[in-house]
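Protein chains in written order, with our numbering: chain G, 9 to 210; chain L, 1389 to 1700; chain C, 52 to 479. For glycine and all other residues, C-beta sits at the position ideal for the given N, C-alpha and C. Working notes, beginning with the structure itself.
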Amino acid sequence: MKGSTSAPAGYRERHELMDAARLSRALSRMAHEITERHPDPTATVLVGVETRGVPLARRLARLVKEASGSAPRVGSLDITLYRDDLTAIGPNPVMKGTDIPLSIDGRVVVLVDDVLYTGRTIRAALGELLDFGRPSRIELAVVVDRGHRELPIHADYVGKSVTTTRDETVQVLLKEQDGEDRVVVYEKVRAKAPSASAKRPR
Amino acid sequence: MSGFPHRHLLGIEPLEPAEIQLILDTAETLREVLDRPIKKVPTLRGKTVINLFYENSTRTRSSFEVAERVLSADSLSIATATSSAQKGETLLDTAKNLEAMNPDMIILRHAASGAPHFLARHCRPSIVNAGDGAHEHPTQALLDALTLRQKKGRIKGLRVAIVGDILHSRVARSNLWLLTKMGADVVLCAPPTLIPPGIEAMAPVTYSIDEAVEGADAIMMLRIQRERMAGGFFPSTREFHIRFGLTEARVKRAKKDVVILHPGPMNRGVEIASEVADGPYSVILDQVTNGVAVRMAVLYLLLGGGSGEAAA
Amino acid sequence: MSNRLLLKGGRVVDPSQGIDDDLDVLLEDGRVTEVVARAKPRGAEIVDVSGRIVCPGFIDIHVHLREPGREDKETIVTGTRAAAAGGFTAVCAMPNTDPVNDRAEVTRAILERAREGAAVRVYPIGAISRGSKGEELAEYGDLREAGCVAVSDDGRPVASARMMRRALEYARAFDLTVIDHCEEPSLAEGASMNESAVSTILGLRGNPPAGEAIMVERDVLLAELTRGKVHIAHISAAASVDAVRRGKARGVRVTAEATPHHLLLIDELVRTSSYDTSTKMNPPLRGEADRRGVLEGLRDGTIDCIATDHAPHSVDDKKVEFDHAAFGIVGLETAVSLCLDRLVAAGVVDLTRAVALLSTNPARLLALPGGTLAPGSPADVTVLDLGRRVKVTPEKFESKGRNTPFGGWILKGGPSMTIVGGRVAWSA
């Protein structure tokens, strides 16, 4: 399913941060870093934060297996019920559900997400994760860290750090979901200043 | 932007099939929370829900209470035995007094059809109908549908027989609307005195339970209230059981994997034979869990979205 | 205040005299003196009614004034003001007050109150039975003498056929009409609306049209048996109209009235209004087939008059759950506009018939003075403005009752002046 995904409403593409090859290399590197820090994959769980964190977690698991010989288990986390800014998102974001297929007590959990921005998503994920058990450690892996943190959250494994403005948004497009692998920075389309004629009453 | 576009849940009849689907899908997702080690999520933290029950009902009320607590809402139950209704306070005055406590939602069960509509017209909180007179019991129909969907994989095309006192049953009405909207084939069965006027236009009616359960995927048995005998609707429970009761023999006419639903509590030996009630077709425990999940879904869809302002 | 009024330049419609012409009407000392073209004023105060319709004063023979006993809902003063504002020059007051008007002293008290402050004429209707309990006859002789113009236990049916028979027989001695609220009590028990697919969907107990028709058939047969006079109140079912039609054809002395709401609204409104209690009354709004039956009865003369069954209630009695709400809606201030817009302008009946339904026939039915502009008759006149734009605004009603399903309706046509006994009781 190849094809260019259109920009989100009100935005246009500013520049491509990573193409498929660069994304692949970044994920490989991150997988090696995880393996280095946690040599025993059975003691590690990769938990993808819905939506894009889940296919990313699966890819990382495969890459860790290539690097170490065995794959860590993969889970998915839907943070809809834990958001602290539900009102800001809008009514009833679509829920996908949470699936943690094994006990996380005493294990290392690596949360996986596509973009780290304000940190609120990860805060919600932490809250939910801790309701499931008591991991020995929680770490965070993201493809892009775009800054503008509003909470004291940091990523342990980062694909790429980039400076962005608040008028921009970063999207990690994945073959599994969008038909292609790309990381793109979009900017808000500025509305033209209203002309004199537009102000005339109907 | 998708979502549940209503402030209240007053009945099934005003809902679109897509909206019913949304509630069922959300319930299915939320059910997983009940399997967690910590059965609590912070979603409705800070929201206040009042359960205002004018009719006795431990089952429905506790189901709502559990749903509210799992979602971390503050829950308050008012059972009329100890409430001011006994002192003659009107429904409206009671609701207005409660409204002063600023609840986000009032869940109402009341003997007068249209009572939730009345509250919705005069009060600010979201109103959920937990059963009003003979009109509707939407969360019951939703949990029945969820149970059916889990057991059968679908609702569309299922043959469902609703048997018993349809005239006085809000559960029958809510289920009839829901199943019909979702594409099931419903057949109604009762003695003629317990068939409501005009319902033949909405579903086929038969006075023969053998015919009704023939090849059925699901059978819904409604509770017979003994007062109906005093009202002259049928001559005796004996005759009712012989002519309209669900016996072992009759169940065999249905599909092999037939599901039997009963809104409970059952009158053994009247509408349903004991062997059938205790048999393998009964899904009553599933109905209880699904009840909590469905009520969680309703609470979440009505309250969880907040005011819906644009993203920061 | 002049005791001579000349209504000049209008079009007079008086079915009692077969008049529909541009004529002037002269009123003197409380009576109609003459109805002629281009009348000379002769010192009378001239009221310009050009462009208007001038009719004999309208009479509503079915009104609940609530006084004595429930003055919180309405009083004789507020009720008659509402009547005047609605274009009515006289009302007949039903006896289901507290105490019930089942004896002369209650009748006299009502009339005394009316004399003190009523805006229009008040004709009391006495009870059929003591306390309207349906067990013992009330004293019709005394009631007639005190001023009652008919007897009724309205609000309740006369459940016993024997009681109805006795009432019809006894009433003959005093030339009284027995007005019956037709409802079979065991069929209607616990019902709050019409029985149909709508009541099924709403989960409300319904009252089938057959329940009314059963009693209408009974009353027609009893009137035939006793040679008495029966009038069917607020007829709502096609089968009831049919019974009256057949009775009249046989020469039975039966008459019937219909309300504007039964002519214009159906039970589906309870559903679309989401259980709004201003759609709850007795008899209830019926289905479309019954409504059409009542309209047909209006057209072919089976139904003799339009009466409102004006039933004011306090907010407390209506702002409750549908099952618990009191039955009834107000009607005095909407009836004439509804008739002019939805019946006359809509082509259901012509203007002459409408005036007959609202004035000529009610008067004739109960042998009341009025209903005509023949010289010598009381100076009760209703002036209509067919072009007047009326927006039904319950908050502005003269009546204490605000319970109407017609709130917000925009109607074309309405009363513009109400004259009672030669005095202007109200003008737009």
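Query - chain L contacts made by the stretch 138-171 of chain G, where a contact means CB separation under 7 Å - result: Asp139, Phe140, Gly141
Query raised in the report: For alanine 201(C) versus leucine 227(C), is the C-beta spacing smaller than 9 Å?
Result: By 1-based counting over the third sequence, the position of residue 201(C) is 150. By 1-based counting over the third sequence, the position of residue 227(C) is 176. Yes.
**Report entry** Neighbour list for tyrosine 90(G) in chain L, Cβ cutoff strictly below 8 Å
**Finding:** The residue labelled residue 90(G) in the question sits at position 82 within the first sequence. Going along chain L in sequence order, the residues near tyrosine 90(G) (Cβ under 8 Å) are Val1429, Pro1430, Thr1431.
Report task. Name the residue from Ser1557(L), Ala1591(L), Gly1434(L), Met1684(L) whose alpha carbon lies nearest to the alpha carbon of arginine 1547(L). Result -> The count along the second sequence starts at 1 and reaches residue 1547(L) at position 159. Of Ser1557(L), Ala1591(L), Gly1434(L), Met1684(L), the residue nearest in Cα terms is Ala1591(L).
**Report entry** Residues bridged to leucine 1464(L) [DSSP beta-bridge criterion]
**Finding:** Numbered from its first residue, the second sequence carries residue 1464(L) at position 76. Paired residue(s): Ile1438(L).
Query raised in the report: Quick one: does alanine 1495(L) have its CB under 9 Å from some CB of chain G?
Result: What you label residue 1495(L) is simply residue 107 of the second sequence in a count that begins at 1. This sequence places isoleucine at residue 1495(L); alanine is not what is there. So no, isoleucine 1495(L) is outside the interface.
Query raised in the report: Between the C-alpha atoms of valine 471(C) and threonine 1482(L), what's the straight-line distance to the nearest angstrom?
Result: Position 420 of the third sequence, counting from 1, holds the residue named residue 471(C). Position 94 of the second sequence, counting from 1, holds the residue named residue 1482(L). Spanning the two alpha carbons is a distance of roughly 48 Å.
Query raised in the report: Listed in chain order, which residues of the stretch 50-61 of chain G have Cβ atoms closer than 9 Å to some Cβ of chain L?
Result: none
Query raised in the report: Do we get a CB-CB distance below 9 Å when we pair aspartate 175(G) with the residues of chain L?
Result: The residue you call residue 175(G) lines up with position 167 of the first sequence. It does not: the Cβ of aspartate 175(G) has no partner Cβ on chain L nearer than 9 Å.
**Report entry** Per DSSP, the bridge partner or partners of aspartate 231(C)
**Finding:** Position 180 of the third sequence, counted from the first residue, corresponds to residue 231(C). Ile283(C).
Query raised in the report: Which term fits glycine 1652(L), buried or exposed, when burial requires 16 or more other beta carbons within 10 angstroms of its beta carbon?
Result: Working through the second sequence from its first residue, we reach residue 1652(L) at position 264. It counts as exposed.
**Report entry** C-alpha gap between leucine 490(C) and alanine 362(C), whole angstroms
**Finding:** Only positions 52 to 479 of chain C appear in the structure, and residue 490(C) is not among them; the question remains open.
**Report entry** Where the beta strand (DSSP E) containing tryptophan 477(C) begins and where it ends
**Finding:** The residue given as residue 477(C) occupies position 426 in the third sequence. Unbroken beta strand (DSSP E) run through tryptophan 477(C): 474-478.
Query raised in the report: Can a CB atom of chain G be found closer than 9 Å to the CB of threonine 1414(L)?
Result: Within the second sequence, numbered from 1, the residue matching residue 1414(L) stands at position 26. Closer than 9 Å: yes.
Query raised in the report: For isoleucine 179(C), which residues of its own chain have a beta-carbon under 7 Å away from its beta-carbon, when the five flanking residues on both sides are left out?
Result: The residue labelled residue 179(C) in the question sits at position 128 within the third sequence. The beta carbon of isoleucine 179(C) lies closer than 7 Å to those of Ala189, Val202, Ser203, Asp204, Val209, Ala218, Val229 in the same chain, with the five residues before and after it left out.
Requested in this report: Using a Cβ-Cβ cut-off of less than 9 Å, give me the residues of the stretch 241-252 of chain C that come near chain L, in sequence order.
Outcome: Ser243, Glu246, Ser247, Ala248, Val249, Ser250, Thr251, Ile252
Report task. Would you please verify whether the beta carbon of glutamate 347(C) is less than 9 Å from any beta carbon of chain L? Result -> Position 296 of the third sequence, counted from the start, is the residue given in the question as residue 347(C). It does not: the Cβ of glutamate 347(C) has no partner Cβ on chain L nearer than 9 Å.
Query raised in the report: Is glycine 130(C) near histidine 115(C), with beta carbons less than 9 Å apart?
Result: Position 79 of the third sequence, counted from the first residue, corresponds to residue 130(C). Position 64 of the third sequence, counted from the first residue, corresponds to residue 115(C). It is a contact, given that the beta carbons lie within the stated cut-off.
Report task. State buried or exposed for leucine 1689(L), treating a residue as buried only when at least 16 other CB atoms are found within 10 Å of its CB. Result -> Within the second sequence, numbered from 1, the residue matching residue 1689(L) stands at position 301. When all chains shown are included, leucine 1689(L) counts as buried.
Query raised in the report: What is the residue span of the beta strand (DSSP E) that aspartate 153(G) lies within?
Result: Position 145 of the first sequence, counting from 1, holds the residue named residue 153(G). That run of the beta strand (DSSP E) goes 145-153.
Query raised in the report: If you draw a straight line from the C-alpha of lysine 91(C) to the C-alpha of glutamate 85(C), how long is it?
Result: The residue labelled residue 91(C) in the question sits at position 40 within the third sequence. The residue labelled residue 85(C) in the question sits at position 34 within the third sequence. Answer to the nearest angstrom: the Cα atoms are 11 Å apart.
Query raised in the report: Where does proline 1491(L) land, buried or exposed, given buried means 16+ other C-beta within 10 angstroms?
Result: Residue 1491(L) sits at position 103 when you count from the first residue of the second sequence. Looking at its Cβ environment, which holds 16 or more other Cβ atoms inside 10 Å, proline 1491(L) is buried.
**Report entry** Cβ contact (3+ pairs, closer than 8 Å) linking the stretch 1427-1446 of chain L and the stretch 1491-1511 of chain L
**Finding:** yes
**Report entry** Nearest-angstrom Cβ-Cβ length linking glutamine 1538(L) and valine 1559(L), presumed shorter than 8 Å
**Finding:** As a working mapping, residue 1538(L) is identified with position 150 in the second sequence. As a working mapping, residue 1559(L) is identified with position 171 in the second sequence. Contact doesn't hold; Cβ gap of about 19 Å is too wide.
Query raised in the report: Between lysine 370(C) and chain L, is there a C-beta pair that is closer than 9 Å?
Result: Locating residue 370(C) in the third sequence gives position 319, counting from the first residue. For lysine 370(C), the answer is yes, since a Cβ of chain L falls inside 9 Å of its Cβ.
Requested in this report: Kindly list, in the order they appear in chain L, the residues whose Cβ is closer than 7 Å to that of glycine 105(G).
Outcome: On the first sequence, position 97 is the one that residue 105(G) refers to. Per Cβ cutoff of 7 Å: Thr1417, Glu1420.
Query raised in the report: What does a CB cutoff of less than 7 Å around arginine 1512(L) pick up in its chain, not counting 5 residues either side in sequence?
Result: On the second sequence, residue 1512(L) is found 124 positions in, with the first residue counted as 1. Here the set comprises Glu1487.
Query - Beta bridge counterpart(s) of asparagine 258(C) as assigned by DSSP - result: As a working note, residue 258(C) is residue 207 in the third sequence. Asparagine 258(C) is bridged by DSSP to Asn245(C).
**Report entry** Selected residue, minimal CA-CA separation from threonine 106(G), among Asp164(G), Gly187(G), Thr126(G), Val82(G)
**Finding:** Residue mapping note: residue 106(G) aligns to position 98 of the first sequence, counting from 1. It is Val82(G).
Report task. Within 10 angstroms of the Cβ of leucine 94(G), are there 16 or more other Cβ atoms? Answer buried if so, exposed if not. Result -> The count along the first sequence starts at 1 and reaches residue 94(G) at position 86. With a pLDDT of 49 at leucine 94(G), under the threshold of 50, the predicted position of this residue should be treated as unreliable, and no value is reported.
Query raised in the report: Which stretch, first to last residue, makes up the beta strand (DSSP E) that contains methionine 468(C)?
Result: As a first step, residue 468(C) must be located in the third sequence, where it is residue number 417. Segment 461-471, the beta strand (DSSP E) holding methionine 468(C).
Report task. Give the straight-line distance between the Cα atoms of glycine 135(G) and tyrosine 90(G), rounded to the nearest whole angstrom. Result -> Translated into the one-based positions of the first sequence, residue 135(G) becomes position 127. Translated into the one-based positions of the first sequence, residue 90(G) becomes position 82. Roughly 7 Å separates the two Cα atoms.
Query raised in the report: Does the beta carbon of isoleucine 1426(L) sit closer than 9 Å to a beta carbon anywhere in chain G?
Result: Position 38 of the second sequence, counted from the first residue, corresponds to residue 1426(L). By this cut-off, isoleucine 1426(L) is an interface position.
Requested in this report: Please determine, among Gly1619(L), Cys1577(L), Gly1679(L), Lys1640(L), the residue with the shortest C-alpha to C-alpha distance to glutamate 1659(L).
Outcome: Taking the first residue of the second sequence as position 1, residue 1659(L) is located at position 271. Ranking Gly1619(L), Cys1577(L), Gly1679(L), Lys1640(L) by CA distance to the CA of glutamate 1659(L) puts Cys1577(L) first.
Query raised in the report: Taking Cβ-Cβ distances shorter than 9 Å, what residues in chain C pair up with phenylalanine 1441(L)?
Result: Taking the second sequence and counting its residues from 1, the one referred to as residue 1441(L) is at position 53. Within 9 Å Cβ-Cβ: nothing; phenylalanine 1441(L) doesn't reach chain C, min ~15 Å.
Query raised in the report: For the 8 Å Cβ check, are there 3 or more pairs between the stretch 409-423 of chain C and the stretch 349-369 of chain C?
Result: yes
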